Amino acid sequence: MDFKRAKKETVDPTYLWIGPNEKPLTGNNQINITKTGKLMMEDFLEAFSGLYTCTLSYKTVRAETQEETIVKQRYDFMIFAYREPDYSYQMAVRFTTKSCQGRYNDLLFRVLKKILDNLISDLSCHVIEPSYKCHFVKIPKHGLMHELFIAFQVNPFAPGWKGACNDLADCEDITNHNILQARDRIEEFFRSQAYIYYHDFNKTIPAMHFVDHSFQVIRVDSCRPGFGKNEGLHSNCASCCVVCSPGTFSPDVDVTCQSCISVHIYGAKSCT
6 MDFKRAKKET
16 VDPTYLWIGP
26 NEKPLTGNNQ
36 INITKTGKLM
46 MEDFLEAFSG
56 LYTCTLSYKT
66 VRAETQEETI
76 VKQRYDFMIF
86 AYREPDYSYQ
96 MAVRFTTKSC
106 QGRYNDLLFR
116 VLKKILDNLI
126 SDLSCHVIEP
136 SYKCHFVKIP
146 KHGLMHELFI
156 AFQVNPFAPG
166 WKGACNDLAD
176 CEDITNHNIL
186 QARDRIEEFF
196 RSQAYIYYHD
206 FNKTIPAMHF
216 VDHSFQVIRV
226 DSCRPGFGKN
236 EGLHSNCASC
246 CVVCSPGTFS
256 PDVDVTCQSC
266 ISVHIYGAKS
276 CT
(Lines of atoms letter the chains of each structure in order from A and count residues from 1; the text may use other names and numbers.)
(Lines give C-alpha, C1' and ligand atoms only; values in the text may rest on other atoms or scores of the structure.)
Protein backbone atom coordinates (compact mmCIF):
# COMPACT_ATOMS: atom_id res chain seq x y z
CA MET A 1 0.00 0.00 0.00
CA ASP A 2 1.05 3.62 -0.32
CA PHE A 3 2.21 5.83 2.57
CA LYS A 4 -1.13 7.58 2.88
CA ARG A 5 -3.07 4.30 3.19
CA ALA A 6 -0.45 2.88 5.57
CA LYS A 7 -1.23 5.62 8.10
CA LYS A 8 -4.89 4.59 8.24
CA GLU A 9 -6.74 1.60 9.60
CA THR A 10 -7.22 -1.06 6.92
CA VAL A 11 -9.93 -3.69 7.36
CA ASP A 12 -9.59 -7.21 5.93
CA PRO A 13 -6.75 -6.41 3.52
CA THR A 14 -5.90 -8.93 0.80
CA TYR A 15 -3.20 -8.70 -1.81
CA LEU A 16 -2.92 -9.99 -5.35
CA TRP A 17 0.49 -9.82 -7.01
CA ILE A 18 0.74 -10.17 -10.81
CA GLY A 19 4.15 -10.85 -12.36
CA PRO A 20 5.67 -9.81 -15.71
CA ASN A 21 4.06 -12.83 -17.36
CA GLU A 22 0.64 -11.40 -16.34
CA LYS A 23 -0.04 -14.41 -14.11
CA PRO A 24 -0.71 -14.28 -10.34
CA LEU A 25 2.39 -14.87 -8.22
CA THR A 26 2.23 -17.70 -5.74
CA GLY A 27 4.68 -18.78 -3.09
CA ASN A 28 7.58 -21.05 -4.07
CA ASN A 29 11.29 -21.46 -3.35
CA GLN A 30 12.07 -18.05 -4.84
CA ILE A 31 8.90 -16.07 -4.07
CA ASN A 32 7.24 -15.37 -0.73
CA ILE A 33 4.26 -13.09 -0.19
CA THR A 34 3.87 -12.15 3.47
CA LYS A 35 0.57 -11.72 5.31
CA THR A 36 1.01 -7.96 5.07
CA GLY A 37 1.43 -8.11 1.29
CA LYS A 38 5.20 -7.76 0.98
CA LEU A 39 6.72 -9.48 -2.02
CA MET A 40 9.99 -11.18 -1.09
CA MET A 41 12.19 -12.65 -3.86
CA GLU A 42 15.44 -14.62 -3.71
CA ASP A 43 17.95 -15.50 -6.46
CA PHE A 44 16.54 -12.85 -8.76
CA LEU A 45 17.30 -13.58 -12.42
CA GLU A 46 17.36 -11.36 -15.48
CA ALA A 47 14.14 -12.91 -16.80
CA PHE A 48 12.27 -11.89 -13.62
CA SER A 49 12.59 -8.21 -14.60
CA GLY A 50 9.53 -6.29 -15.71
CA LEU A 51 6.20 -4.91 -14.51
CA TYR A 52 4.87 -6.17 -11.18
CA THR A 53 1.36 -5.18 -10.09
CA CYS A 54 -0.08 -5.38 -6.59
CA THR A 55 -3.83 -5.01 -6.15
CA LEU A 56 -4.82 -4.20 -2.58
CA SER A 57 -8.41 -5.01 -1.61
CA TYR A 58 -9.88 -3.89 1.71
CA LYS A 59 -13.21 -3.03 3.26
CA THR A 60 -14.79 0.11 4.58
CA VAL A 61 -17.43 -0.53 7.25
CA ARG A 62 -20.13 1.94 8.21
CA ALA A 63 -20.34 1.69 12.01
CA GLU A 64 -24.07 2.43 12.32
CA THR A 65 -25.23 -0.08 9.69
CA GLN A 66 -22.31 -2.49 9.43
CA GLU A 67 -22.54 -2.02 5.68
CA GLU A 68 -19.38 -3.18 3.97
CA THR A 69 -17.85 -1.81 0.80
CA ILE A 70 -14.90 -3.37 -0.96
CA VAL A 71 -12.25 -0.94 -2.18
CA LYS A 72 -9.44 -1.86 -4.57
CA GLN A 73 -6.22 0.01 -5.27
CA ARG A 74 -3.58 -0.97 -7.80
CA TYR A 75 0.14 -0.28 -7.51
CA ASP A 76 2.61 -0.79 -10.35
CA PHE A 77 6.31 -1.45 -9.91
CA MET A 78 9.03 -1.76 -12.52
CA ILE A 79 11.68 -4.14 -11.20
CA PHE A 80 15.06 -4.67 -12.87
CA ALA A 81 17.86 -7.14 -12.28
CA TYR A 82 21.21 -5.41 -11.81
CA ARG A 83 24.83 -6.26 -11.10
CA GLU A 84 27.71 -4.29 -9.74
CA PRO A 85 30.08 -3.44 -12.59
CA ASP A 86 33.25 -5.45 -13.00
CA TYR A 87 36.27 -3.27 -12.35
CA SER A 88 39.54 -3.18 -14.19
CA TYR A 89 42.23 -0.53 -14.07
CA GLN A 90 44.00 1.30 -16.87
CA MET A 91 47.49 2.26 -15.73
CA ALA A 92 50.35 4.28 -17.15
CA VAL A 93 53.97 4.80 -16.05
CA ARG A 94 57.13 6.30 -17.48
CA PHE A 95 60.74 5.11 -17.41
CA THR A 96 63.86 6.92 -18.48
CA THR A 97 66.06 5.29 -21.10
CA LYS A 98 69.35 6.06 -22.84
CA SER A 99 67.92 5.91 -26.33
CA CYS A 100 64.75 5.17 -28.23
CA GLN A 101 66.75 2.66 -30.27
CA GLY A 102 67.99 -0.77 -29.22
CA ARG A 103 66.66 -3.89 -27.63
CA TYR A 104 66.91 -2.78 -23.99
CA ASN A 105 63.64 -0.86 -24.12
CA ASP A 106 61.77 -3.96 -25.22
CA LEU A 107 63.58 -6.02 -22.60
CA LEU A 108 62.60 -3.64 -19.79
CA PHE A 109 59.02 -3.64 -21.06
CA ARG A 110 58.80 -7.46 -21.01
CA VAL A 111 60.51 -7.76 -17.63
CA LEU A 112 58.18 -5.18 -16.11
CA LYS A 113 55.10 -7.02 -17.38
CA LYS A 114 56.41 -10.29 -15.94
CA ILE A 115 57.09 -8.67 -12.55
CA LEU A 116 53.60 -7.19 -12.38
CA ASP A 117 51.93 -10.45 -13.46
CA ASN A 118 53.83 -12.34 -10.74
CA LEU A 119 52.86 -9.67 -8.21
CA ILE A 120 49.13 -10.25 -8.72
CA SER A 121 48.90 -13.83 -10.01
CA ASP A 122 47.57 -15.21 -6.70
CA LEU A 123 44.61 -12.80 -7.04
CA SER A 124 43.60 -14.30 -10.40
CA CYS A 125 44.46 -10.95 -11.99
CA HIS A 126 46.78 -10.26 -14.91
CA VAL A 127 48.16 -7.52 -17.14
CA ILE A 128 46.53 -7.16 -20.56
CA GLU A 129 46.96 -4.86 -23.56
CA PRO A 130 50.46 -3.66 -22.58
CA SER A 131 52.11 -1.17 -24.90
CA TYR A 132 54.89 1.41 -24.89
CA LYS A 133 56.28 4.24 -26.96
CA CYS A 134 59.55 6.14 -26.67
CA HIS A 135 59.55 9.95 -26.73
CA PHE A 136 61.95 12.86 -26.36
CA VAL A 137 60.98 14.93 -23.33
CA LYS A 138 62.26 18.40 -22.48
CA ILE A 139 62.72 18.42 -18.70
CA PRO A 140 62.90 21.87 -17.05
CA LYS A 141 66.52 22.58 -16.03
CA HIS A 142 67.62 19.14 -17.25
CA GLY A 143 67.50 19.32 -21.03
CA LEU A 144 66.24 16.54 -23.26
CA MET A 145 65.50 13.06 -21.92
CA HIS A 146 64.43 9.84 -23.58
CA GLU A 147 61.45 8.28 -21.82
CA LEU A 148 59.32 5.20 -22.30
CA PHE A 149 55.58 5.86 -21.96
CA ILE A 150 54.15 2.52 -20.81
CA ALA A 151 50.43 1.71 -20.62
CA PHE A 152 48.63 -1.46 -19.56
CA GLN A 153 45.35 -2.70 -18.11
CA VAL A 154 44.98 -4.83 -14.98
CA ASN A 155 42.15 -7.31 -15.40
CA PRO A 156 40.56 -9.65 -12.78
CA PHE A 157 39.85 -12.51 -15.19
CA ALA A 158 43.16 -14.29 -15.58
CA PRO A 159 42.92 -17.93 -16.75
CA GLY A 160 41.34 -19.97 -13.95
CA TRP A 161 39.74 -16.94 -12.26
CA LYS A 162 36.51 -18.84 -11.55
CA GLY A 163 38.42 -21.10 -9.18
CA ALA A 164 38.86 -18.16 -6.82
CA CYS A 165 35.10 -17.93 -6.47
CA ASN A 166 34.78 -21.29 -4.72
CA ASP A 167 32.30 -22.46 -7.39
CA LEU A 168 29.87 -19.61 -6.68
CA ALA A 169 27.68 -18.78 -9.67
CA ASP A 170 27.97 -15.05 -9.03
CA CYS A 171 31.34 -13.90 -7.77
CA GLU A 172 31.48 -10.21 -8.67
CA ASP A 173 32.24 -9.30 -5.04
CA ILE A 174 35.28 -11.59 -5.05
CA THR A 175 36.65 -10.43 -8.41
CA ASN A 176 36.15 -6.78 -7.50
CA HIS A 177 37.86 -7.31 -4.14
CA ASN A 178 40.80 -8.99 -5.89
CA ILE A 179 41.23 -6.23 -8.47
CA LEU A 180 41.31 -3.63 -5.69
CA GLN A 181 44.08 -5.59 -4.00
CA ALA A 182 45.94 -5.86 -7.29
CA ARG A 183 45.69 -2.11 -7.80
CA ASP A 184 47.08 -1.46 -4.32
CA ARG A 185 50.01 -3.86 -4.82
CA ILE A 186 51.00 -2.27 -8.12
CA GLU A 187 50.75 1.23 -6.65
CA GLU A 188 53.00 0.13 -3.79
CA PHE A 189 55.47 -1.42 -6.24
CA PHE A 190 55.95 1.86 -8.14
CA ARG A 191 55.99 3.82 -4.88
CA SER A 192 58.91 1.65 -3.80
CA GLN A 193 60.67 2.36 -7.11
CA ALA A 194 60.44 6.08 -6.39
CA TYR A 195 61.71 5.54 -2.84
CA ILE A 196 64.76 3.62 -4.10
CA TYR A 197 65.52 6.36 -6.59
CA TYR A 198 65.56 9.06 -3.93
CA HIS A 199 67.01 7.22 -0.93
CA ASP A 200 69.46 4.60 -2.15
CA PHE A 201 72.45 6.95 -2.43
CA ASN A 202 75.10 4.23 -2.35
CA LYS A 203 74.27 2.98 -5.82
CA THR A 204 74.68 4.62 -9.18
CA ILE A 205 71.32 5.61 -10.62
CA PRO A 206 70.63 3.34 -13.60
CA ALA A 207 69.95 4.87 -16.99
CA MET A 208 66.57 3.13 -17.05
CA HIS A 209 64.54 3.95 -13.98
CA PHE A 210 61.01 4.82 -12.95
CA VAL A 211 60.02 8.47 -13.35
CA ASP A 212 58.66 9.69 -10.03
CA HIS A 213 55.01 10.83 -9.98
CA SER A 214 54.43 9.34 -13.43
CA PHE A 215 52.16 6.53 -12.21
CA GLN A 216 48.53 7.06 -13.23
CA VAL A 217 45.52 4.84 -12.69
CA ILE A 218 41.94 5.07 -13.96
CA ARG A 219 39.12 2.69 -13.07
CA VAL A 220 37.37 1.14 -16.07
CA ASP A 221 33.93 -0.41 -15.59
CA SER A 222 32.46 -3.21 -17.68
CA CYS A 223 29.11 -5.00 -17.60
CA ARG A 224 28.47 -8.70 -18.11
CA PRO A 225 26.66 -9.71 -21.34
CA GLY A 226 22.96 -8.87 -21.10
CA PHE A 227 23.60 -5.85 -18.88
CA GLY A 228 24.49 -2.20 -19.45
CA LYS A 229 24.45 1.24 -17.87
CA ASN A 230 21.60 3.66 -18.51
CA GLU A 231 21.86 6.83 -16.47
CA GLY A 232 18.70 8.27 -18.03
CA LEU A 233 16.47 5.30 -17.18
CA HIS A 234 18.19 4.38 -13.90
CA SER A 235 19.43 7.70 -12.55
CA ASN A 236 19.19 6.47 -8.95
CA CYS A 237 22.01 4.02 -9.69
CA ALA A 238 23.96 5.48 -12.59
CA SER A 239 27.00 3.25 -11.93
CA CYS A 240 24.97 0.01 -11.88
CA CYS A 241 24.91 -2.51 -14.69
CA VAL A 242 21.17 -2.95 -15.24
CA VAL A 243 19.57 -5.73 -17.28
CA CYS A 244 19.01 -4.79 -20.91
CA SER A 245 15.34 -4.05 -21.53
CA PRO A 246 13.29 -5.52 -24.40
CA GLY A 247 14.39 -3.91 -27.65
CA THR A 248 18.04 -3.91 -26.58
CA PHE A 249 20.89 -6.39 -26.09
CA SER A 250 24.54 -6.55 -25.01
CA PRO A 251 26.74 -9.35 -26.37
CA ASP A 252 30.00 -8.44 -24.63
CA VAL A 253 31.48 -6.60 -21.66
CA ASP A 254 30.64 -3.15 -22.95
CA VAL A 255 28.69 -0.77 -20.68
CA THR A 256 25.82 -0.03 -23.06
CA CYS A 257 22.87 -2.01 -24.39
CA GLN A 258 22.47 -1.82 -28.17
CA SER A 259 19.13 -1.41 -29.93
CA CYS A 260 17.47 -4.44 -31.54
CA ILE A 261 13.73 -4.32 -32.30
CA SER A 262 13.45 -8.11 -32.56
CA VAL A 263 14.40 -8.64 -28.88
CA HIS A 264 11.39 -9.09 -26.61
CA ILE A 265 13.05 -10.31 -23.41
CA TYR A 266 15.14 -8.82 -20.60
CA GLY A 267 18.84 -9.58 -20.53
CA ALA A 268 19.31 -10.45 -24.20
CA LYS A 269 22.89 -11.28 -25.17
CA SER A 270 22.29 -11.33 -28.93
CA CYS A 271 20.02 -9.69 -31.52
CA THR A 272 17.83 -12.59 -32.61
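Residue numbers for the sequence shown follow this note's numbering, beginning at 6 and rising by one. Yeah, the Cβ is synthetic: ideal placement off N, Cα and C, and Gly gets one too. All figures in this text were calculated on a predicted structure; none of them were measured in a lab.
Mind checking which residues open and close the alpha helix (DSSP H) that includes L30? That residue, L30, is in no alpha helix (DSSP H); it is neither H nor E in DSSP.
On the three-state DSSP scale, how would you describe Y200? helix
In terms of alpha-carbon separation, which member of H269, A156, Q186, V225 lies closest to S219? A156
Can you tell me whether R79 is buried or exposed? The criterion is at least 16 other CB atoms within 10 Å of its CB, across all chains shown. exposed
Within a Cβ cutoff of 8 Å, which residues of the same chain sit near C245, ignoring the five residues on either side of it in sequence? Y87, R88, E89, P90, K234, H239
Count the other CB atoms, across all protein chains shown, that sit within 10 Å of the CB of C105; report buried if there are 16 or more and exposed otherwise. exposed
Skipping 5 residues on each side, what residues in its chain have a beta carbon closer than 6 Å to that of E73? K64, V66
Spell out the partners DSSP gives M6 in its beta bridges. Looking at the DSSP assignment, M6 forms no beta bridge with any residue, so it has no partner.
DSSP state of F280 mapped onto helix, strand, coil: Here the chain has residues from 6 to 277 only, and residue 280 is not among them.
Which residues in the same chain have their Cβ closer than 7 Å to the Cβ of I75, if we skip the five residues on either side of it in sequence? S62, K64
Please report the distance separating the alpha-carbon of T101 from that of H140. 10 Å
Does the Cβ-Cβ distance between N181 and Y57 come in under 7 Å? no
Quick one: what's W22 bridged to in DSSP? C59
How far does the beta strand (DSSP E) with I266 in it reach, from first residue to last? Taken as a continuous stretch (DSSP letters only), I266 belongs to no beta strand (DSSP E), as it is neither H nor E.
Report the rounded CA-to-CA distance for R190 versus V132, giving the unit in angstroms. 13 Å
Cβ neighbours of E69 in the same chain (closer than 7 Å, five flanking residues each side left out): none
What's the gap between the Cα of N160 and the Cα of T277? 30 Å
List the whole-angstrom C-beta distance separating P230 from K274, where the pair is believed to meet the contact cut-off of C-beta under 8 Å. 4 Å
If I measure Cβ to Cβ from P29 and keep anything under 8 Å in the same chain, skipping five residues before and after, which residues do I get? L21, W22, I23
Hey, could you find the ends of the alpha helix (DSSP H) R115 is sitting in? 109-125
Counting only runs that start and end within the region 177-252, where is the beta strand (DSSP E) found for 3 or more residues in a row? 221-227, 246-248
Check each candidate in Q95, C262, L185 and name the one with the smallest Cα separation from I223. Q95
Of the choices S264, D127, K43, G32, whose alpha-carbon is the least far from that of A11? K43
Enclosing beta strand (DSSP E) for V98 [first to last residue]: 91-102
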